[in-house]
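When we follow the numbering used here, the leftmost residue of the sequence shown carries the number 245, and every step to the right adds one.
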Amino acid sequence: MRKSLYLLSGAMLCLLASCVEKEPDGGLINETPNVGDVSDFSTEKTVTLNIDYGYSGYSAGFNVYIENPYNENGTKKEGIEPYYGGFTDENSRYSASMVLPAYVETVYLCSEYVGIPRCMALNIENNAVSYKYELPELPGVTMLSTRAGVDGEECYNVSSPIRLSNNLYGLYNNIKKTNWTNLTTYWAYNSGVDNLYTVDNSSETSVLLTRVQKSLRKPNGDKKNNSNLTSDSEDTNITIPTTYDGKDLESCHLDLVFLSASGEYENAMGYYYYKTGTNPDVNRLPKYVVFPLTTDGHPNHPVKARLQFYGEDYKDAGTDDFPGGYTIGWVLFPNIDRTVGGWFANYESWKIEDINDGIGEVYKAGMAIYSNSEYNYHAKKGCITLNDDETGRVIIGFEDQTNNVAGSDNSFDDILFYVESNPDVIYNPERPDIPDVPEEPSEDTYTTTATIAFEDIWPTGGDYDLNDVIVEHGRTITHNSNGYITKIEDSFKVTNLSGSAEYTDAFGFTVASNAVGSAEGALAVEANNQFIMFADAQASIGETFVLTRTFKEGDLASKNFDDEFNPFIVIDYVPGAKNRKEVHLPKMAATSWADASQQGTGDDAYYVNKNGKYPFAISLEGVTNWIPVTERVTIGSEGEYPLYNNWVEAGMPTEGKYAKWYLSKE
245 MRKSLYLLSG AMLCLLASCV EKEPDGGLIN ETPNVGDVSD FSTEKTVTLN
295 IDYGYSGYSA GFNVYIENPY NENGTKKEGI EPYYGGFTDE NSRYSASMVL
345 PAYVETVYLC SEYVGIPRCM ALNIENNAVS YKYELPELPG VTMLSTRAGV
395 DGEECYNVSS PIRLSNNLYG LYNNIKKTNW TNLTTYWAYN SGVDNLYTVD
445 NSSETSVLLT RVQKSLRKPN GDKKNNSNLT SDSEDTNITI PTTYDGKDLE
495 SCHLDLVFLS ASGEYENAMG YYYYKTGTNP DVNRLPKYVV FPLTTDGHPN
545 HPVKARLQFY GEDYKDAGTD DFPGGYTIGW VLFPNIDRTV GGWFANYESW
595 KIEDINDGIG EVYKAGMAIY SNSEYNYHAK KGCITLNDDE TGRVIIGFED
645 QTNNVAGSDN SFDDILFYVE SNPDVIYNPE RPDIPDVPEE PSEDTYTTTA
695 TIAFEDIWPT GGDYDLNDVI VEHGRTITHN SNGYITKIED SFKVTNLSGS
745 AEYTDAFGFT VASNAVGSAE GALAVEANNQ FIMFADAQAS IGETFVLTRT
795 FKEGDLASKN FDDEFNPFIV IDYVPGAKNR KEVHLPKMAA TSWADASQQG
845 TGDDAYYVNK NGKYPFAISL EGVTNWIPVT ERVTIGSEGE YPLYNNWVEA
895 GMPTEGKYAK WYLSKE
């Protein structure tokens, strides 16, 4: 965030009166304007970021990107870093100011935390970016149309399962009842379970999310290899006992609570059941799809589904009373959009027949993933199962690339859910527990970029080609979940053209005195908060210079961070010499080493041309590889960023096409 730090000294009082100079063409330059009447030529804007992920008792990390960081297939793009980031409070809320390039109109709010939407495009509206989770309505089946199904049964379309609207729909099964040798996948509506789903917002859920995040993810939220936690059906499947608390158990209710979906695939997930102690042919068992379309954080809040029992022969009407003596297994249909294009093909809504086709292709190809791993491709284990001693819940995770021999990351948290029963009959102390992880603050980074361009013929006025000194500024900020910055790395790559300057121009910057920390990497430290990075821009073309500042915990808050970064060049630099010529960004303060008597003379008005059209320096936010203006051609000329003139005349807006003027030279 760039503040106006121009200091009016006694030597400058004449500037506010009637100092008159002449332009190179002989015309009179206007009197020096008041500082408040001079524009700062800023190409950034400050917006408020408001986040409410809707959890009580859960803190999540997030990042903000100024371009979509994901490819159409859901994989992460190379070389795209977040432009801002943070950690929510314990109730998953966050509010702070955020500095962005002025041309940005849409940002991407992303998170690698379980139970949080993976990435959402959010528009900047009323100078704010906001996301607030709202509990979805949970209807039963929305019947758009009917068509004749297999054996004359009616099949139904629904408008949009989970992925796009977060509306959930009734339970479906996906097996042809009359022909067990030719398994044709279709969906038949089961009446009586319209109210299958509820949103789970209990404190237990937040406890589980926190513990799972810490144990199954890296400290910054990225996925890690959890293959050491894989389990087989004896741990993953849920067995209902025939007795409980010394009495016969007639039945119990089973709820599947969907915690998180973070895989790259579009997946469908369901269950099957069989008599305990039997050795079923899982391929021939009916499968009941509870969550027909999930991935990338959808559903983005724990959703509870009451599992249904259809009798021993799978022909009865559904009931939520599961008798003792049965075992429930789990099935994942991964990558169901392989044949229908899916969300990335701009489907406005998924219809059941689309999902049905995808599941059918996965099923027929033998790529379904079962908790009974002997039925998986190469009998690979696809699940992890963990007890949580604190809540007594059984947590289960799927790896959606179990059958992809070459591509799996083995995170086993692409789909995460837990199971609870009433009465509580399914907790098994023999299962492995969630690994304990030491309580340490999580860390993450984000990186801002800018190109800073200087005109070194100051203060008499030059050609305003702004190419005498050009540096690409990258700033990487390391921050933690306690709300503090621990490190700042400022890199400066010299990109001006050879021969673009006639002087020996050094580059440096100042920061606020409380934001210095322990600094390393400067060519010279001229004062506590004043750094020279290189002595000669022409001799340093192509080189990169880095200053690293580290901070103790608690020294520098990450929210609303502003270290008053103030870059400048020194014309005809002599190490250690004072009373020198410095060029700063418009309206920024010169250092105490500058010759204050030159400020406001010639064509200068607070490092801006007195006619207000051209700055002596400008920071172009959010851009690298900027093409310099042609030598001795004024910026804004034909073929030299002509929209610059429109931007200036329009009052330097922070939105619309003129705010993007420096992104195209033509």
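C-beta: ideal position from N, C-alpha, C; glycine also.
Predicted, not measured: the structure shown is a model, and the values here were computed from it.
Using 8 Å as the cut-off, can you tell me whether the segment 295-313 makes contact with the segment 845-864, which would need three or more C-beta pairs spanning the two stretches below that distance? Touching, no.
Give me, in chain order, the residues of the same chain whose beta-carbon lies closer than 6 Å to that of residue 577; leave out the 5 immediate sequence neighbours on both sides. Closer than 6 Å at the Cβ level, and outside the excluded window around residue 577, lie 512, 603, 606, 612.
Pair within 8 Å by beta-carbon distance, residue 736 and residue 698: Cβ distance not < 8 Å, so residue 736 and residue 698 don't count as in contact.
In angstroms with no decimal places, state the Cα-to-Cα distance between residue 560 and residue 802. Here the alpha carbons of residue 802 and residue 560 stand approximately 59 Å from one another.
Please determine, among 609, 574, 898, 818, the residue with the shortest C-alpha to C-alpha distance to residue 516. The shortest CA-to-CA distance from residue 516 to any of 609, 574, 898, 818 is the one to 574.
Which full runs of the alpha helix (DSSP H) of 4+ residues lie inside the segment 441-485, going along the chain? Fully enclosed alpha helix (DSSP H) runs of 4 or longer: 447-460, 477-480.
If you drop the 5 nearest sequence neighbours on each side, which residues of the same chain put their C-beta closer than 6 Å to that of residue 653? For residue 653, the CB contacts under 6 Å within the same chain, skipping 5 residues up- and downstream, are 467 in chain order.
Count the other CB atoms, across all protein chains shown, that sit within 10 Å of the CB of residue 816; report buried if there are 16 or more and exposed otherwise. Here residue 816 is exposed, its C-beta having fewer than 16 other C-beta atoms within 10 Å.
Cα-Cα separation, residue 580 to residue 535: A straight line joining the alpha-carbon of residue 580 with that of residue 535 spans about 13 Å.
At 3 residues or longer, what runs of the beta strand (DSSP E) sit wholly inside the segment 783-830? Counting only runs of 3 or more, we get 788-794, 810-815, 825-828.
Let me check understanding here. Comparing Cα to Cα, which of 723, 646, 334, 639 lies closest to residue 614? Residue 614 has its Cα closest to that of 646, out of 723, 646, 334, 639.
Considering only C-alpha positions, which residue in the set 348, 758, 508 is nearest to residue 659? It is 508 whose Cα lies nearest to the Cα of residue 659.
Return yes when the C-beta of residue 910 is under 7 Å from any heavy atom of the ligand SAM, and no when it is not. Among the ligands in the structure shown, none appear at all, so the ligand SAM cannot be discussed.
With DSSP as the reference, identify every bridge partner of residue 631, one or two as the case may be. Beta-bridge pairing links residue 631 to 638, 677.
Between 881, 322, 522, which lies nearest to residue 478 when the distance is taken from Cα to Cα? Considering only alpha carbons, the answer is 522.
Between the segment 701-712 and the segment 868-882, are three or more C-beta pairs nearer than 8 Å? As far as the Cβ criterion goes, the segment 701-712 touches the segment 868-882, which means the pair count is three or higher.
Same chain only: Cβ atoms within 6 Å of residue 281, ignoring 5 sequence neighbours per side: If we look at residue 281 and ignore the five residues flanking it on each side, it has no Cβ neighbours.
Consult DSSP for residue 873 and reduce its assignment to one of helix, strand or coil. The answer is coil: DSSP assigns residue 873 none of H, G, I, E or B.
Who are the Cβ neighbours of residue 776 in its own chain at under 7 Å, not counting the five residues just before and after it? Excluding positions up to five away in sequence, the list reads 750, 752, 766, 767, 768, 770.
From the DSSP secondary-structure annotation, give me the bridge partner or partners of residue 694. Answer by DSSP bridge pairing, in chain order: 717, 865.
With the cut-off set at 8 Å, would you say residue 832 and residue 285 are in Cβ contact? No, Cβ-Cβ distance for residue 832 and residue 285 is not below 8 Å.
Going straight from the alpha carbon of residue 266 to that of residue 702, what length do you get? Interpretation of residue 266 is limited by its pLDDT of 39, a score under 50 that renders its predicted location unreliable; no figure is taken from the coordinates.
Assuming residue 887 is part of the alpha helix (DSSP H), what are its boundary residues? Residue 887 -> alpha helix (DSSP H) spans 887-893.
Span separating the alpha-carbon of residue 863 from that of residue 337: Cα-Cα distance, rounded: 32 Å.
Among 909, 375, 902, whose alpha-carbon lies nearest the alpha-carbon of residue 877? The shortest C-alpha to C-alpha distance from residue 877 to any of 909, 375, 902 is the one to 909.
Give the straight-line distance between the Cα atoms of residue 357 and residue 452, rounded to the nearest whole angstrom. Linking residue 357 to residue 452 through their CA atoms gives a straight-line distance of about 12 Å.
Grouping DSSP H, G and I as helix and E and B as strand, with all else coil, what is residue 618? Collapsing the DSSP output to three states places residue 618 in a helix.
Can you tell me which of 692, 725, 836, 825 puts its alpha carbon nearest to the alpha carbon of residue 754? Taking the Cα of residue 754 as reference, the smallest distance to any Cα among 692, 725, 836, 825 is reached at 836.
Exposed or buried, residue 586, counting other C-beta atoms within 10 Å across all chains shown (16 or more means buried)? Confidence at residue 586 is low in this model, with a pLDDT of 39, below 50, so the placement of that residue is unreliable and no value is reported for it.
Going by DSSP in three states, residue 581 sits in which element: helix, strand or coil? Helix at residue 581.
Among 632, 548, 633, 610, nearest to residue 622 - alpha-carbon criterion: Among 632, 548, 633, 610, the Cα nearest to that of residue 622 belongs to 610.
Assigned secondary structure, residue 603 (DSSP; H/G/I helix, E/B strand, else coil): For residue 603, the secondary structure class from DSSP, reduced to helix, strand or coil, is helix.
Return the CA-CA distance between residue 669 and residue 459, expressed in angstroms with no decimal places. Near 25 Å, if we compare the C-alpha coordinates of residue 459 and residue 669.
Using the Cα positions of residue 744 and residue 694, report the straight-line distance between them to the nearest angstrom. Whole-angstrom Cα-Cα distance: 20 Å.
Please determine, among 721, 855, 780, 506, the residue with the shortest C-alpha to C-alpha distance to residue 792. Among 721, 855, 780, 506, the Cα nearest to that of residue 792 is on 721.
Which residue comes first and which comes last in the beta strand (DSSP E) that contains residue 904? Careful: residue 904 lies outside any beta strand (DSSP E) and carries neither H nor E.
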